[in-house]
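Chemist:
In the working numbering, the protein residues as written are 342 to 456.
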C-alpha cells in the first residue's frame, strides 16, 4: 500500500462536495472513487444523485453492497424494489438492477471485482 491509500476520507465533507458537483452536472449525479486501484479486489465509490436522478438498469458485479449515507433511494431488481434511507446498507441482488433517488442522496457502493 502507498501512503495515499492510508489517508482517511471524511464522508460528511465528501457528501457535500459530491452533491454540489451533481447540482452543476447535466446528468444530476457525481461520483468519486474512494478505494480500489489497479489489481484491488475491492472497490468503493461514493455516488451522489439529485432527486429523481437515476442509475438505469445495469448488470450486477459478483458481490456488491449499497450503503445510503444521506437521502432516500429506491433500488429496483427483477420485478421488485426496496426503499432505502440514510443508515441502511443492503447487498445488491445478483440480477439487473437500477437506483432512483427519491430525494438528494449520497451512497457508498462497495464492489468485489471478479478474480
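For every residue, glycine included, the Cβ atom is placed at its ideal position computed from N, Cα and C.
Note that the coordinates shown come from a computational prediction; the quantities given were computed from them, not determined experimentally.
On the DSSP bridge list, what partners appear for residue 388?
Modeler: For residue 388, which the question treats as bridged, DSSP gives the partners 372 and 448.
Chemist: Is it buried or exposed for residue 392, if we count other Cβ within 10 angstroms and need 16 for buried?
Modeler: It is exposed - the Cβ of residue 392 has fewer than 16 other Cβ atoms within 10 Å.
Chemist: Quick one: grab the DSSP three-state call for residue 352.
Modeler: Note: residue 352 maps to helix in three-state DSSP.
Chemist: Leaving out five residues before and five after residue 319 in sequence, what residues of the same chain have Cβ atoms less than 8 Å from its Cβ?
Modeler: Limits of the chain in this structure are 342 at one end and 456 at the other, which puts residue 319 out of reach.
Chemist: Measure the C-alpha to C-alpha separation of residue 455 and residue 403 and round it to an integer number of angstroms.
Modeler: Straight-line Cα distance between these residues: approximately 6 Å.
Chemist: Tell me where the beta strand (DSSP E) around residue 430 begins and ends.
Modeler: Start and end: 430-432.
Chemist: Taking the alpha-carbon of residue 372 as reference, which of 427, 359, 430 and 350 has the nearest alpha-carbon?
Modeler: The residue with the shortest Cα to Cα distance from residue 372 is 359.
Chemist: Identify, in the order they occur along the chain, each residue of the same chain with its Cβ nearer than 7 Å to the Cβ of residue 435, setting aside the five sequence neighbours on each side.
Modeler: Excluding sequence neighbours, residue 435 sits near 401.
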